[in-house]
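Report on the following structure.
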């Protein structure tokens, strides 16, 4: 499709040819970043897809694996993914995880040794040892960084392959699902799954190894801390691990809320699809407010489920406070057991608890959450792929050689059909179903004792609401067959039975030859007229011109601004009813087939055009094909070879029109078929005056010379192509997001809580450092004779501990001061945790409120705009705003915004602390900040353009 659009030539992807160093450093992407700095990227600037990411190949791979998997009693999409990539991904992930864990475990030991070097009076660590320890710390930091990015790049490549393969499966499912299947909300479900569900697997893969890495690191770190502070480490670790059952419960609730959110999102997107499809009627009857209320009710229920998920993420974000609490319990218990604190122990233990917090409190719950969400998404994909399977009419397959059997029709004309039978077998003994042999030598159609129903749940015994009952039809080669009957007689259902779109309860259908079908309701997609006619076939100019002439489209193409390269909107909004019908017919006959099923193609055109189509197209162009024509135009029945008269799902009579006219009952049914012609959509604009008929005749003669067929080398631009923003995201975009809150005071309170939480946590660390200094000086004082301690700097109160400007007056009050320090430590730590909880939950509640307002504004804007907007924008494009983009606002934006604000405040806090400690350190910090901002500028310019192209 879309063959006449402007062809996009992309540069070749350099990844397969570059060396290992270039892949590891991502230097092979330098050209993309260079273009991103010059200006906004276009689609033709992006590299070509690698062969390993070819959608057809990946879809075939997943289709084969799914066909094998669906034979199981309980098929699983996760098992399909594991069979596709598990053998490579799992060992590589284990190797990376082990390397990272070893580096993380060694680094705190090295850090503790380096801190001990700066303790006053120590003699065990030399300057050379300090340099070695510093080098080891740097090395332990560099190795995970240099291995993480290539690993995560590989992970997301695998995730992309999974997304492409599953998307292809879903797309094929949409094309293959039978009309008799229960497809309520099928389009909304498909869009929601493609927008939201298939993209969750790459994130789940990135966190998958944290499921086992977290518990493993807990054992390793617990052992190393036990060597440092003994049983006190067990107390801190036990407190931290006590949250694991809660996290398991949270993961279960997250999956529950994910299911509820997905179900309600499906319902909302389904309703939005119906609103978009029927927007003209809604505007005509001024039903906007009624549907707005309906959408608001569904959206409110959806947001309630999203609120549950958001609060779970808020609780997980607050778990960052578990590490300081664990450090507090471990150190306090260590002191009360009679031991003294040292800088080395405190820094080592704090580093280990931070590491354990990342593994078990942060990444492990996230792994549970993301894997749970991916499991739910896998289940939804599986359910979608399995929906409607029972409704698909079975196609009988055989390994036996096709044999030829002969049957006589009512006119004693022999019709040869290839059947799946052996010599001596009766055709009637075949299993119920539909059998098609597209490459059979002798073409024909055999319908024998067929009963069918639209209800997919109707048992195969034929009971229930039967649409077709005991049909018997035999059609030979080069036959023109007409099916006539009143409205609701089953004419279209009979064609759908031949296509396999309805459930056959009994009987057999054998089709020898390829099929082409023109539906009663014309289908025109967004693209050029030529795209709509050629469709998936290759362009053959000679055949194409014959089809244009046979379908009476020459004059219409002359009147179009770009001839056959004129772009028509979705559903053919820029075409009249007759033009859509003829484009729909032209697509069917352009496709080379043996059997053409034409469902009432003459009802939407006037008499003159209908006569032209019947004579030039049906009887002349398709003279050597089998044509099965559903029609209400009785004037053409004299020329058909076989007439099938239907009523109430049964065949009342078959034969030639002249013979059926002699029967009174047949005459009555034929009259009904004439009077009940559904020609409301007939194209009155196709009524031709004498002048227009003459011009049509002239155009037929001069068609070879008229510029209504454009050459392939004249590509056409889509004038309704979605516009792409240029440059950085405007400040108005950010302001519009926060303005949707409609409460500046609440926004200021949330920002103040963020700043307060950061300063309070910094205060906790600062207090701990002063406490350690006090403990070390107390230890020195206790180990030194009283006469030499008079000038020591040992403090005896909390205020003096913080100020660090006191002298020893008595060592007998040490325990009292230590008790005060513990209480003060507990107070500021508890206060910090309260502020963190208020900050995080308030932030997510604010984001939910904003999301609700933005959706309401989007819906009001869509329903109150003019119809021109819907004519130039496809329904899929509009629906994607309500599916993918709203999901981004609901879930992705809050998490990203939370990290962004927290990181900005954290960096500011770090710079302030550095300035307080030694303002000369701001000089290298300034260079580092400038360097990072440069890289950010380079990266953001490119990534922003790519993201806009993607959306």
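In full-length UniProt numbering, the protein residues as written are 1 to 951.
Beta carbons are placed, not taken as given, at the ideal position from N, Cα and C, and that holds for glycine.
Task: C-alpha gap between residue 636 and residue 605, whole angstroms - done: If you take the alpha carbons of residue 636 and residue 605, they lie about 15 Å apart.
TODO: May I ask you to list the residues that DSSP assigns as paired with residue 653?
DONE: Per DSSP, 645.
Task: For residue 344, the nearest candidate out of 887, 524, 773, 574 (CA to CA) - done: Minimum Cα distance to residue 344 is reached at 773.
Open item on the list: Considering only the alpha carbon of each residue, which of 273, 948, 835 lies closest to residue 1008?
Closed with: Summary: the structure shown does not reach residue 1008, with the chain confined to residues 1 through 951, and so no result is reported for it.
Open item on the list: Suppose you measure from the CA of residue 894 to the CA of residue 589; what does that come to, to the nearest Å?
Closed with: When rounded, the distance between both Cα atoms is 53 Å.
Open item on the list: Quick check on residue 290: buried or exposed, where buried means 16 or more other Cβ atoms within 10 Å of its Cβ?
Closed with: Burial is judged here by how many other beta carbons sit within 10 angstroms of a residue's own beta carbon; residue 290 has fewer than 16 and is exposed.
- [ ] Look at the Cβ atom of residue 241, then the Cβ atom of residue 160, and state whether they are nearer than 8 Å.
- [x] No, they are not a contact pair.
Open item on the list: So for residue 482, helix, strand or coil by DSSP?
Closed with: If DSSP states are grouped into helix, strand and coil, residue 482 belongs with the strands.
Open item on the list: Tell me the DSSP secondary structure of residue 434 in three-state form.
Closed with: If DSSP states are grouped into helix, strand and coil, residue 434 belongs with the strands.
TODO: Give the secondary structure of residue 596 by DSSP, where H, G and I count as helix, E and B as strand, and everything else as coil.
DONE: Here residue 596 sits in strand by DSSP.
Open item on the list: Going by beta-carbon coordinates alone, are residue 198 and residue 166 separated by less than 8 Å?
Closed with: Result yes, Cβ atoms of residue 198 and residue 166 sit closer than 8 Å.
Open item on the list: With the cut-off set at 8 Å, would you say residue 614 and residue 597 are in Cβ contact?
Closed with: For residue 614 and residue 597, no; Cβs fall outside 8 Å.
- [ ] Output the distance between the C-alpha atoms of residue 946 and residue 47, rounded to the nearest integer angstrom.
- [x] So the alpha carbons of these two residues sit roughly 11 Å apart.
Task: Cβ contact (3+ pairs, closer than 8 Å) linking the segment 870 to 890 and the segment 272 to 288 - done: The segment 870 to 890, when compared against the segment 272 to 288, does touch it at the 8 Å Cβ threshold.
Open item on the list: Contact defined as beta carbons within less than 8 Å: I believe residue 568 pairs with residue 524. What is the distance between those atoms, to the nearest angstrom?
Closed with: Right, their Cβ atoms sit about 6 Å apart.
Open item on the list: Which residue wins for smallest C-alpha separation from residue 544, given the options 556, 530, 642?
Closed with: Checked all of 556, 530, 642; the closest Cα to residue 544 is 530.
TODO: Identify whether residue 473 lies in helix, strand or coil by the three-state DSSP scheme.
DONE: Here residue 473 sits in strand by DSSP.
- [ ] Decide yes or no for the touch test of the segment 190 to 206 against the segment 371 to 383: beta carbon pairs closer than 8 Å, at least 3 of them.
- [x] The segment 190 to 206 and the segment 371 to 383 touch, with no fewer than 3 CB-CB distances between them shorter than 8 Å.
Task: Nearest neighbour of residue 639, chosen from 939, 153, 933, 657 [CA to CA] - done: The shortest C-alpha separation from residue 639 is found at 657.
Task: Simplified DSSP state of residue 177, which is helix, strand or coil - done: In this structure, residue 177 counts as coil in the three-state DSSP scheme.
- [ ] For residue 896, count neighbouring C-beta atoms within 10 Å of its own C-beta (all shown protein chains included) and say buried if the count is 16 or more, exposed if not.
- [x] Result: exposed.
Open item on the list: Using 8 Å as the threshold, is the C-beta distance between residue 303 and residue 852 below it?
Closed with: Yes, Cβ-Cβ distance for residue 303 and residue 852 is below 8 Å.
TODO: Taking only the alpha-carbon atoms, compute the straight-line gap between residue 282 and residue 858 and give it to the nearest angstrom.
DONE: Looking at the two C-alpha atoms, the distance is approximately 17 Å.
Task: Rounded separation between residue 15 and residue 51 - CA only - done: A direct Cα-to-Cα measurement between residue 15 and residue 51 gives close to 11 Å.
Task: Boundaries (first-last residue) of the beta strand (DSSP E) holding residue 448 - done: That run of the beta strand (DSSP E) goes 444 to 453.
Open item on the list: Give me the residue from 566, 552, 652 with the minimum Cα distance to residue 610.
Closed with: Nearest to residue 610 by alpha-carbon distance, out of 566, 552, 652, is 552.
Open item on the list: In this structure, how does DSSP classify residue 529 when only helix, strand and coil are distinguished?
Closed with: Residue 529 falls in the helix class under three-state DSSP.
- [ ] Look at residue 479 and residue 626 and say whether their C-beta atoms are less than 8 Å apart.
- [x] In contact: residue 479 and residue 626 (Cβ atoms closer than 8 Å).
Task: Nearest-angstrom Cα separation, counted from residue 56 out to residue 97 - done: Between the C-alpha atoms of residue 97 and residue 56 there is a straight-line separation of about 33 Å.
Open item on the list: Using only the alpha-carbon positions, how far apart do residue 628 and residue 600 sit?
Closed with: Using only the alpha carbons, I get a separation of about 10 Å.
TODO: Give every residue of the same chain whose Cβ lies closer than 7 Å to the Cβ of residue 311, excluding the five residues on either side of it in the sequence, and list them in chain order.
DONE: The answer, listed in chain order, is 841, 844.
Task: residue 586 versus residue 521: straight-line alpha-carbon distance, rounded - done: One C-alpha to the other measures close to 14 Å.
TODO: Check whether the Cβ atoms of residue 834 and residue 324 sit closer than 8 Å, and answer yes or no.
DONE: Taking 8 Å as the Cβ cut-off, residue 834 and residue 324 do not qualify as a contacting pair.
TODO: For residue 503, write down the residues that DSSP places opposite it in a beta bridge.
DONE: The partner list for residue 503 (beta bridge, DSSP) reads 453.
Task: Same chain, Cβ closer than 6 Å to residue 754, five either side skipped, listed in chain order - done: A distance below 6 Å between beta-carbons, with the five flanking residues on each side excluded, links residue 754 to the following residues of its chain, in chain order: 839, 901, 905.
Task: Three-state secondary structure assigned by DSSP to residue 904 - done: Correct three-state label for residue 904: helix.
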